[in-house]
Amino acid sequence: MEGVNKLKLLISKKYISVVLFIVLDIVFLVFISFLGYKIYGIYSEMQSLKAEIDQLKSSSLLIKNNKDLLEDNIGEYNTVLDSIIPDTETYFQVISAFEQLEAKTGVNIESYSINLPETTEDKMSLSLTITGTKESIETLFENYHYFGGRLMTNEKLEFNPEGLDSMTFLVNLFHASTDESASGGGSGSNVISSDDIEFIKQIEDKL
C-alpha cells in the first residue's frame, strides 16, 4: 500500500506540474497577445500623428507659398480679376468691352441685344451680330474670351469660315453676384498655386 500511495503522490505532483505549466503558457500567451495589441495601438496612433504632422507641414508650405506668390503683386492680380469679373454691370462697361473686342480683332459689331432667358444674377447674355473678314472673325472666335477685357463665354458655338463675312451668336459677360461679393468669394481656405498665378498672367497678357 505504501508503494501505491507513493505512486499516487508522484502522479498527483506530475499532474499539478502539467496543469501549472499549461496555465502559465495560457497566461503567457494572453500577456503576449495583450502586449502585441498595445504595441499595435501605439504604432497606429504614431502613424496617425505622423500623417497629421505631414498634412500640417504641407498646409504650412502651401500657405507660405501663397504668401510669397501674392505679397508683391496682389494688387495687380486683384485688378486683373476685378476687370474680367467686375462687381457690378453697367451699360458703359458692356460698350467698352465690345469696343475693345472690335479694336483687337478687326470685326465690326453691327448690333447686340440682351438675351433675357439666359441672363442671370451673375451673367448677362447678349446676341451679337458681327461682320468682318474671314481672318478677323477667326481671330475673334480664338480670343474673344478675354480680348474685350472681360470674361466672355459661349455654351455652343458652331463656326464655318468658308464664304462667311457676317454672323450672329450669343456671348455671356460675367460679373460677381451680391452674395459672392459679400462673402469674399469663399471661405478663405483655398490656397493659390503657381499654376493659378501663371493663368492670371496669361489672362493679363490678353487684356
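Each residue of the sequence shown is one higher than the one before, counting from 237 in the working numbering. All C-beta atoms, glycine included, are put in the ideal place defined by N, C-alpha and C.
- In the DSSP annotation of this structure, the continuous segment of the alpha helix (DSSP H) that includes N314 starts and ends at I310 to I320.
- Here the C-alpha atom of I278 lies approximately 10 Å from the C-alpha atom of G272.
- In this structure, the beta-carbon distance from S363 to Y348 falls below 8 Å.
- Residues I436 of the same chain have their beta carbon placed closer than 8 Å to that of L317, with the five preceding and five following residues left out of the count.
- Looking at the DSSP output, T341 bridges to nothing.
- A333 is classed as buried because its beta carbon has at least 16 other beta carbons within 10 Å across all chains shown.
- The three-state reading of DSSP puts L387 in coil, since its state is none of H, G, I, E or B.
- Between G385 and A287, the alpha-carbon positions lie close to 45 Å from each other.
- Straight through space, the alpha carbons of V266 and V259 are spaced by roughly 10 Å.
- By DSSP's assignment, M360 forms a beta bridge with L409.
- With fewer than 16 other Cβ atoms from the protein chains shown falling within 10 Å of its own Cβ, L352 counts as exposed.
- Burial is judged here by how many other beta carbons sit within 10 angstroms of a residue's own beta carbon; Y380 has at least 16 and is buried.
- When the Cα atoms are used, T315 and I289 turn out to be separated by approximately 37 Å.
- Here DSSP, grouped into helix, strand and coil, assigns T375 to helix.
- In the DSSP assignment, Y348 is bridged to L364.
- Going by beta carbons, V330 and T367 fall outside the 8 Å limit.
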